[in-house]
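For reference, the structure is listed below as structure tokens.
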Amino acid sequence: MLSGLKVSAFLAWKSIQRGSRGTLALTIMIIALIFVNLVFLPSIISGVVVTFDTQSIDFDVGNLVIEPREGNQYIDDVDSLQRKVEQIPGITGTSPRITAGATFFYRGHNAASTLYGINPEGERSVTRIAEYMTAGEFLSGGDTGAIIIGATLAGMEGEEEGGLPSLQGVDVGDSIKVAYPNGETRTYRVKGIFETQSFGVDTAAFVTTREMSEVLGLDNQASAILVKTAVNGREEEYKREILSYGIQEDVLTFREKSGGFVEQAIQSFNIINAISTLVSLIIAIVVVFIVIFINTVNRRRQIGILKAIGIDQQIIINSYVLQVLFITAVGALVGIGLNTGVTTYLTAYPLVFPGGPVYPDVEASAILRSIASLFGVSVVAGYIPAWRIAREDILTAIRG
3 MLSGLKVSAF LAWKSIQRGS RGTLALTIMI IALIFVNLVF LPSIISGVVV TFDTQSIDFD
63 VGNLVIEPRE GNQYIDDVDS LQRKVEQIPG ITGTSPRITA GATFFYRGHN AASTLYGINP
123 EGERSVTRIA EYMTAGEFLS GGDTGAIIIG ATLAGMEGEE EGGLPSLQGV DVGDSIKVAY
183 PNGETRTYRV KGIFETQSFG VDTAAFVTTR EMSEVLGLDN QASAILVKTA VNGREEEYKR
243 EILSYGIQED VLTFREKSGG FVEQAIQSFN IINAISTLVS LIIAIVVVFI VIFINTVNRR
303 RQIGILKAIG IDQQIIINSY VLQVLFITAV GALVGIGLNT GVTTYLTAYP LVFPGGPVYP
363 DVEASAILRS IASLFGVSVV AGYIPAWRIA REDILTAIRG
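The sequence shown runs 3 to 402 under the working numbering.
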């Protein structure tokens with residue numbers, strides 16, 4: 003068996019050496035591009051999921067959100083609930099928020115968006131908005147009459163924001179009017195402008211809990227409490243832990259808070275990926291089949307002579323299978339190199355999605371899966387034409 007394999011390898015190598023270098027290079031490049039296509043789209047899908055998760059945790063809702071029980075508008079006795087949650091191992095911060103729809107007015111422009119009342123220190127322990135101030139400063143606990151707004155809501159003078167709320171040119175130090183849902187109107191000085199590249203956050207504004215509670219007539223109440231955990235990815239465990247402490251309010255993970263948006267997006271991307279993968283593998287089958295078919299037809303007489311001198315049919319078939327393995331292996335290596343280059347470029351210059359910049363997230367399992375599928379279809383595509391020619395009787399093959 004070993005000697006037969008050595009003969010197959012010898013025949014395969016001689017065939018590659020005597021074959022067309024241009025055809026070999028073109029075939030390898032096609033295989034490499036197919037490999038890149040098999041890996042690239044899943045890496046982008048994974049990158050989209052990572053970006054959404056990061057944006058949700060860092061800027062929007064933290065790892066977990068505690069909300070009022072059904073039928074209640076606010077969580078009562080917020081301070082007591084915070085102390086109870088913060089004593090749970092692994093919880094690194096909590097931030098109560100008051101949420102209200104508001105209308106903002108500035109120099110003849112108006113925009114309806116979301117206004118949050120926050121405890122600045124608590125917010126710093128959960129989200130990273132304070133790190134993304136592009137102008138001015140983040141709120142402090144003693145601020146009254148001050149507001150920070152997202153870059154999209156602030157807008158640029160004379161520029162529309164494509165249907166998103168915009169005041170078209172607010173700057174730090176300007177005064178804007180805010181109309182609350184209870185009809186009360188307050189004038190605030192813009193203390194800072196932030197830009198997180200999360201469109202749901204950059205269209206919002208923040209004042210202190212103290213300010214908003216006074217306007218809405220609230221006392222130690224909140225619309226939600228954001229919870230930050232020490233480790234991402236274990237939200238379900240922390241959720242169960244919080245509920246085990248007898249907390250009666252609703253507890254949601256950031257994924258649950260999104261309302262299934264991510265899962266729906268992933269399903270749509272997976273359908274596109276499945277179609278792309280199928281087309282790529284079909285192209286690989288066709289390319290390898292044609293190359294090996296032409297190769298065997300051109301060497302039909304040589305195959306007949308090899309059989310006539312006693313070379314076993316299976317050894318001849320194996321020689322073509324080894325050629326396919328060589329082409330696929332080199333193609334996969336070139337593909338890994340190309341994919342590394344593309345990934346490096348997109349890491350430096352990421353794709354910009356509405357939810358933020360998307361970086362390719364190449365998983366080892368995706369690479370291994372792509373290599374295995376590429377080798378599988380290539381071997382099948384190479385074996386069939388070799389088997390068809392090698393099984394011909396000796397005289398028919400020699401006559402060509």
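Note that the Cβ used here is the ideal one computed from N, Cα and C, for glycine as well.
{"Item": "Given F37 as reference, the closest of G64, Y385, L340 and Y351 once Cα atoms are compared", "Value": "L340"}
{"Item": "Contact the region 355-370 vs the region 41-59: 3+ CB pairs below 8 Å", "Value": "yes"}
{"Item": "For G138 and V192, believed in contact at Cβ under 8 Å, the rounded distance", "Value": "7 Å"}
{"Item": "Top-ranked residue by Cα proximity to Y80, from G73, I90 and E69", "Value": "Checking the sequence, you will find Val at residue 80 rather than Tyr. Minimum Cα distance to V80 is reached at E69."}
{"Item": "Distance CB(V203)-CB(V180) smaller than 9 Å", "Value": "no"}
{"Item": "Limits of the alpha helix (DSSP H) - the one that I373 falls within", "Value": "A366 to A392"}
{"Item": "Span separating the alpha-carbon of I59 from that of V9", "Value": "60 Å"}
{"Item": "Ordered list of beta strand (DSSP E) runs contained in the region 290-365, each at least 3 residues", "Value": "353-355 and 358-360"}
{"Item": "N-terminal and C-terminal residue of the beta strand (DSSP E) that P98 is part of", "Value": "I93 to Y108"}
{"Item": "CB contact flag (L335, V381, <9 Å)", "Value": "no"}
{"Item": "Simplified DSSP state of F196, which is helix, strand or coil", "Value": "strand"}
{"Item": "Minimum length 3: unbroken beta strand (DSSP E) runs contained in the region 217-250", "Value": "226-231"}
{"Item": "C-beta contact flag for P167 and F140 at 9 Å", "Value": "no"}
{"Item": "C-alpha gap between T346 and L35, whole angstroms", "Value": "17 Å"}
{"Item": "Every unbroken beta strand (DSSP E) within the region 138-197, with a cutoff of 3 residues, ordered by chain", "Value": "148-152, 177-181 and 187-196"}
{"Item": "According to DSSP, residues forming a beta bridge with V80", "Value": "According to DSSP, V80 bridges with nothing at all."}
{"Item": "The beta strand (DSSP E) enclosing T255, as first and last residue numbers", "Value": "D252 to T255"}
{"Item": "Limits of the beta strand (DSSP E) - the one that N65 falls within", "Value": "Looking at the DSSP string, N65 is not in any beta strand (DSSP E), and its letter there is neither H nor E."}
{"Item": "With 16 other Cβ atoms within 10 Å as the buried cut-off, status of T189", "Value": "exposed"}
{"Item": "Which of helix, strand or coil DSSP assigns to G202", "Value": "helix"}
{"Item": "Proximity of I30 and V332 at Cβ, strictly below 9 Å", "Value": "yes"}
{"Item": "Residue interval of the beta strand (DSSP E) (run including N112)", "Value": "H111 to I120"}
{"Item": "6 Å Cβ shell around R109 - same chain, five flanking residues per side excluded", "Value": "none"}
{"Item": "C-alpha gap between S22 and L28, whole angstroms", "Value": "10 Å"}
{"Item": "Separation of Y351 from R212, as counted between CA atoms", "Value": "42 Å"}
{"Item": "Length of the line joining the Cα atoms of S17 and D314", "Value": "17 Å"}
{"Item": "V299, buried or exposed, once every other Cβ within 10 Å from all chains shown has been counted against 16", "Value": "exposed"}
{"Item": "Minimum C-alpha distance to I391 - residue among I329, L353 and F291", "Value": "F291"}
{"Item": "CA-to-CA distance, P183 to V63, given in whole angstroms", "Value": "22 Å"}
{"Item": "Terminal residues of the alpha helix (DSSP H) in which A132 lies", "Value": "No alpha helix (DSSP H) contains A132, which DSSP labels as neither H nor E."}
{"Item": "Sequence-distant residues of its chain with Cβ nearer than 8 Å to Q325 (five each side left out)", "Value": "A14, S17, I18, I294, N297 and G384"}
{"Item": "Delimiting residues of the beta strand (DSSP E) encompassing F208", "Value": "A207 to T210"}
{"Item": "Meets three-Cβ-pair contact criterion under 8 Å: the region 271-290 and the region 112-126", "Value": "no"}
{"Item": "Spatial neighbours of A102 in its chain, beta-carbon cut-off 6 Å, leaving aside the 5 residues before and after", "Value": "L117 and P183"}
{"Item": "7 Å Cβ shell around S200 - same chain, five flanking residues per side excluded", "Value": "Q57, F61, D62, G357 and G358"}
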